[in-house]
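> Below is one structure. I have some questions about it.
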Amino acid sequence: MHRHRLKPRELGFAYTAHRMADHVAATLNSNQLFSIRDDEVLKEGRRLVDFKYFNVRPWIVENIKRALRLGLQNTHERRVLDLGTGFGYFPYVCEFMEHEAEAPDIEGHRLYDRVIAALGVNRQHHRIQPFKPLPLSDNGRFDYITAYQIAFNRPGLPGAWGPSEWAFFIDDVLENQLAEGGQLHLELNWPFKIGDWYDDASRRLFDRYNARRAGIEIDIYKR
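In this text, residue positions in the sequence shown follow the numbering used here: the first is 70, and each later residue adds one.
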């Protein structure tokens with residue numbers, strides 16, 4: 070999670086999210102989730118950092134706020150693609166708000182696989198790689214494509230994407246995935262090096278797509 074400036078709109082989202090969170094949490098099978106937690110924490114190869122997501126309510130609140138920032142409370146039956154969904158709380162919230170969500174992520178993360186199955190999220194296995202298109206959905210294009218806490222690109226670290234990789238990814242999303250009027254929303258995970266999030270060439274590329282950039286956030290619209 071990261072901090073947004075405390076603007077009136079954000080305060081409103083926080084208030085609404087906290088009110089909604091109990092209703093969303095009431096639909097979860099908490100006993101099943103905590104049984105998964107208690108089983109997985111004893112296994113070899115587990116990453117303890119992943120267990121923070123079992124602190125359910127704050128993450129439900131955060132993902133409700135994400136949905137509110139996109140305006141999902143003002144629309145109905147929109148199609149959402151959440152790239153690298155992790156635990157799957159965001160698509161779960163989208164479904165709670167009566168939208169249709171799909172949630173690709175990499176194969177082989179046992180903890181995430183079990184939680185996703187428990188939540189009943191529509192999840193497909195896919196690894197995002199440079200210069201490779203996203204798989205096409207059998208159900209058509211998406212109104213929103215999101216990626217939160219992005220791990221497929223880490224600025225300042227080996228393998229970070231430059232303008233060529235980003236251009237391929239964005240063109241694929243705009244040409245093959247997004248519906249007319251759709252929105253691509255990206256939020257980087259916090260890199261180890263705090264500072265500007267993109268090199269100059271990548272920033273110029275985003276500007277060519279008329280992207281709205283704010284810190285780690287990027288929004289691109291299909292007009």
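Idealized CB from N, CA, C, for every residue including glycine. All of these numbers come straight from a predicted model, not from anything done at the bench.
Keeping to the same chain, check which residues put their C-beta closer than 6 Å to that of F261; ignore five residues upstream and five downstream.
The pLDDT assigned to F261 is 47, lower than 50, so where the model puts this residue is not dependable, and the model offers no usable value.
> Which stretch, first to last residue, makes up the alpha helix (DSSP H) that contains V93?
P77 to A95 is the span of the alpha helix (DSSP H), which, as asked, contains V93.
> According to DSSP, is F156 helix, strand or coil?
Residue state, collapsed to three classes: coil.
> Just tell me which of T96, D108, S99 and G140 has its CA closest to the CA of S78.
A small correction: the amino acid at residue 78 is Arg; Ser does not occupy that position in the sequence shown. For the residues T96, D108, S99 and G140, the minimum Cα distance to R78 belongs to G140.
> Using a threshold of 8 Å, state whether the C-beta atoms of A95 and V130 are closer than that.
Cβ atoms of A95 and V130: not closer than 8 Å.
> Measuring straight from C-alpha to C-alpha, what distance separates D207 and R116?
If I take the Cα positions, the gap works out to 34 Å.
> Under a Cβ-count criterion, where at least 16 other Cβ atoms within 10 Å of its own Cβ denotes burial, should R147 be classed as buried or exposed?
Answer is buried; the Cβ neighbour count reaches 16.
> Tell me whether Y158 is buried or exposed, calling it buried when 16 or more other Cβ atoms sit within 10 Å of its Cβ.
Buried.
> I need the DSSP call for I239, collapsed to helix, strand or coil.
Three-state DSSP puts I239 in a helix.
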